[in-house]
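According to my numbering, the residues represented by the sequence shown are 877 to 1688, in order.
Glycine is no exception: its CB is placed at the ideal position from the N, C-alpha and C atoms.
Treat the numbers as computed from the prediction; the structure is a model and nothing was measured.
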Amino acid sequence: MNSSKGLNKRLLSWSVEEIRHGQLWPVSMALTLIIACVFALSALAERMEQVIVKQGKDALTADSVFVSANPIPQALLDLTRVEQLDSAQLTRFSTMAFSDSSMQLVTVKALESNYPLRGEMILEGAGKVIRHHVEPGELWLDERIFAQLDVEIGDTVTIGDANLTITGRIVQEPGLSFNPFQQMPAVLIHKHDVAATGAIQPGSRVSYRLFLNGDETQLKAAQNSIELTPSDRWRTKDSASRTNDMFERTKQYLSLTVAIVVIMAATTLVLTCQHYVASRRKTIAMLKSLGANKPWIIKWLSIQVSLLVLIGAALGITIGIGLEFLLRIPLGELLPSPLPSYGIEPAMLAIVSSILIGVPALGIPLLGLVNTSAISVIQSSHRSNESDKKYLLLLVPMIPMILMYGDNMLVWIVLVGIVSLFLVLAIVSTVVLRLLGKLPTSTSMRLALSRINRTPLATGIQFGCLALSLMLLSIIWLVRSDLLSDWQQTLPENAPNAFALNIASYEKDSYIMALDANDVERTQAFPIIRGRLTTINGVEASEYSDTANETDALRREINFTWGDSIPEYNEVLKGRWTREQGVSVESDVAEQLGLKIGDELSFTINSQSVSANVNSIRKVEWREMKPNFYFIFTPDVLRSIPSTWLVSFRLEDQHSQMLNELSRNHPTVSLMDIRKMGSKIQELLKQIVWSITVLAALGVVAGLLLIFTLLRLSLSQRQQEIRLYRTLGASKKRILNTIWCEYGLMAFVAGSIASLAAELSVAGVMSFGFELEPSLHPMLWIALPVVTFITLAGVVSSLIQRLLAPVSKDLS
């Protein structure tokens, strides 16, 4: 028993020494990276999911919302009571608000006392008392209306036929959603006071909303309980906010980056273990020749692997906790409070993932090492009878991966692309180096090329791995940059931050002159008419295509405009603008409705029927905060129908006095200042940018570890060659020149090929993974080879003394 314990102690001691002095410390670092990344992502994924759900529901102010142009069906209200769903109603309509000295067209929102069900509404009453709900008899005004109507808290304002006393001002309404055509300066009243206003009459334009909170089963039952008419629709968290796509793409980027980091760390595992096996074959052969049996060697190697996994798990979980905290810092205000505990699941998932990856990465080469024959001590060329069955270990990570990511196209694009690109990069590198070998060069360069081309298979693998790691690093950074560039369009610099609506034709010129006189940057003015698309080539629009029900253009009345040309910020994809009987269609609507150039469309506008032929299809960037439309008509189609006008412009701090004057001089114009909402979106962007930058930096660390491992293994293999060069009389200077030529070539060839591969890969990832337009990155072609050489120079310089140690010994 004691001898067994003593043996185990010695085995443990030998294993620790082997890890310390052998070639296995990069294995521990690679395992640490894998565990840290998987832990941080799985823990953060739960947080991000909470962010997305919370942000979506807060924008809705509920879990689900029923929106209709008609009163809420009684059957739905009855079901709400039966299912005991939390509910609140809102009725929205436009009417005039009158004070003793002025008047203003306003949007009246009639709320129940428990609105909102989610999110926060902030109302400030007399004495700066904060309230969050509206009670019967109260009237709350948008800040702008106080100046427009020249009133104070406590004054009386007439809404329709009802005289109401101002209770206070609206500081913040719940949600971030924004539609300039459906918002005017708002007043809030209680639902019980609607009848007193007399504003809702037959034919009035009214929006009715029912807000519901409940579990998915109850909400599904409510949604299935009624048959939707063209005036009805359900809104859920998935359709509530335009910022959701930023969150979803952030999660995609997190997944993509972690996948690349894990792949690079796994590659480091494989390369390190392969080198360890090559350096320890004689040791194992010697041990066998001295009587060590196969079970003893397996036990010795198993202890080493177990220690590596334990070290990697301990460090990985610790670093993972810190990494998740770093990623979470910028999202602090957005995350739900209190934060849900992630328990031990992320840790278990991270460790299991590292083991699944490590089984083939470590198992395949170590099984080959275990089968080393004792005769290898005296016959190094002797090959063991190794079974190909060891390659079945590749199924260990592959089967779970297929089960988990079977329907995730982005992950498979990355994996298949990486394998394919590795082969292509290896082949292209070998061919380029062969061609370079035929050019007249210096002696040192010829020696470097001769050495590289002497082993084409090893060279291909080495250059393929280096180019692949550089390419993956570039992908992480370029995708980040392209995403940020796209997100900046959510609220571009100098984007309009105010909209003026309901400008009457007789005051349009004077309103625009006032803006221009104050040097306000603005868009052109657009006439606005509301209507519906009814038929396409004589067929009901809703029945014209299989995907017609996917477009918002048929679910409600939408805004039309007309003009002599298409706005310059809309790109024409097909067709061309005409002067008569034409209509230009937004590209997504055209695709969903199956529209082609020349199709005849019929519309109903103010009970009138008009027709036009599709003359062009436009690409619209809805996030630019500029007036955009599904349909733009030629002037002859709509000019005879009465319309109001819209213009958007950018406000600066110095324009406050101008706004007050505009409101007083044009009391019926609805002015919407969205600067506060814009600052919210900008802050949101900054927070998300920080998160993906932290993870991108982690990807750089993983890539540098892989590059360092590649160079370290390559340089360690050179020591034997350097001894031979010294024996043949080569000087230290000649050897150094040859080494720098070799690694300079490596930097140039691998960097250049990686630039091309990264450009193509990023184009594919952006197109198919993120559904965004790819762009070129010309600076990459210059920067990557230069940065690669600087990195290689740093690594080579740090190891050069050790590399030249055999030379020093020879000289002594």
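Our contact map puts residue i next to residue j with C-beta atoms below 8 Å; I'd like the distance itself, whole angstroms only.
i, j, result
"ILE911", "GLY1188", "6 Å"
"PRO1661", "ALA1634", "The Cβ separation is near 12 Å, so there is no contact."
"PHE969", "ARG1111", "That pair is no contact at about 19 Å."
"LEU1269", "PRO1236", "4 Å"
"ARG1309", "VAL1625", "The residue you asked about is not Arg; residue 1309 is Leu in the sequence shown. Yes, LEU1309 and VAL1625 are in contact; Cβ-Cβ is about 6 Å, under 8 Å."
"ASP939", "ASN1089", "5 Å"
"ARG1327", "GLU1618", "7 Å"
"ILE1434", "ASN1482", "The Cβ separation is near 14 Å, so there is no contact."
Among the candidates the options, whose CA atom is the shortest distance from the CA of residue i?
i, options, result
"ASP1529", "ILE1294, ALA1374, THR1520 and THR1454", "ALA1374"
"LEU888", "LYS1175, ALA1324 and GLY1620", "LYS1175"
"VAL1033", "SER977, GLN1150 and ASN1329", "SER977"
"ILE1231", "LEU1271, LEU1547 and SER1532", "LEU1271"
"ASP962", "ILE1473, TYR991, LYS1472 and LEU1166", "TYR991"
"ILE1442", "PHE1509, ALA1488 and ARG1408", "PHE1509"
"SER1318", "THR1614, TRP901, MET1534 and VAL943", "THR1614"
"GLY1239", "TYR1152, LEU1299 and TRP890", "TYR1152"
"ILE1658", "LEU1636, SER1463, THR1667 and GLY1627", "GLY1627"
"ALA1071", "ASP1091, ILE1035 and ILE1102", "ILE1035"
"LEU1547", "ASN1378, GLY1620 and ALA1390", "ASN1378"
"SER1463", "GLN1457, GLU1476 and GLU1447", "GLU1447"
"LEU1104", "ASN1425, SER1651 and ARG1204", "ASN1425"
Using a 10 Å radius around the Cβ and a threshold of 16 neighbouring Cβ atoms, would you call residue i buried or exposed?
i, result
"VAL1672", "buried"
"SER1539", "buried"
"THR1119", "For THR1119, the predicted model reports a pLDDT of 48, less than 50, meaning its position is unreliable; a value from the coordinates is still stated below. THR1119 is buried by the Cβ-count criterion."
"GLU893", "exposed"
"PHE1087", "buried"
"GLY1670", "exposed"
"GLY1470", "exposed"
"TRP1616", "buried"
"LEU1242", "buried"
"GLN1533", "exposed"
"LEU1166", "exposed"
"ASP1108", "buried"
"GLY1030", "exposed"
"ASP1440", "exposed"
"TRP1353", "buried"
"PRO1276", "exposed"
"GLY1474", "exposed"
"GLY1340", "buried"
"ALA1135", "buried"
"MET1501", "buried"
"ILE1179", "buried"
"SER1257", "Any answer about SER1257 is weak, because its pLDDT of 49 lies below 50 and its placement is not dependable; what the coordinates show is given next. Exposed."
Give a yes or no on whether the C-beta atoms belonging to residue i and residue j are separated by under 7 Å.
i, j, result
"TRP1453", "LEU1514", "no"
"LEU1145", "ALA906", "yes"
"ALA1401", "ILE1388", "yes"
"GLY1074", "ASP1037", "yes"
"LEU987", "GLY1044", "no"
"LEU1409", "SER1418", "no"
"ILE1404", "LEU1522", "yes"
"PRO1372", "PHE1525", "yes"
"THR1664", "LEU1346", "yes"
"THR1399", "GLN1468", "no"
"SER1631", "LEU1656", "yes"
"LEU1184", "VAL903", "yes"
"ILE1046", "ASP1018", "yes"
"VAL1138", "VAL1355", "no"
"ILE1629", "VAL1304", "yes"
"ALA1223", "ILE1195", "no"
"ASP1512", "GLU1456", "yes"
"LEU1225", "SER918", "yes"
Determine, for residue i, whether the minimum Cβ-Cβ distance to residues of chain D falls below 7 Å.
i, result
"SER1326", "Absent from the structure is chain D; it holds one protein chain and no more."
Inside the region 931-1009 only - alpha helix (DSSP H) runs reaching at least 4 residues: Those alpha helix (DSSP H) runs which fall completely within the region 931-1009 and span 4+ residues are 950-958.
What are the uninterrupted segments assigned as beta strand (DSSP E) that are 3 or more residues long and contained completely in the region 1634-1666, given in chain order? Along the length of the region 1634-1666, whole beta strand (DSSP E) runs at least 3 residues long do not occur.
Segments of 3+ residues assigned as beta strand (DSSP E) that fall wholly inside the region 1133-1171: Listed in chain order, the beta strand (DSSP E) elements of length 3 or more contained wholly in the region 1133-1171 amount to none.
Starting from the N-terminal side, write out each stretch of the beta strand (DSSP E) that is 3 residues or longer and does not extend beyond the region 1018-1042. List check, beta strand (DSSP E) in window: 1032-1035.
Which runs of the beta strand (DSSP E) spanning at least 3 residues fall entirely within the region 1369-1435, listed in chain order? Runs of beta strand (DSSP E) with 3 or more residues, each lying fully within the region 1369-1435, are found at 1374-1379 and 1402-1412, listed in chain order.
Hey, which unbroken runs of the beta strand (DSSP E) at 3 residues or more fall wholly within the region 1484-1538? For the beta strand (DSSP E) assignment, the uninterrupted runs of no fewer than 3 residues enclosed by the region 1484-1538 are, from N- to C-terminal side, 1484-1495, 1507-1509 and 1520-1525.
Beta strand (DSSP E) runs wholly inside the region 1443-1468, at least 3 long, in chain order: Counting whole runs of 3 or more residues, the region 1443-1468 contains the beta strand (DSSP E) stretches 1447-1451 and 1458-1462.
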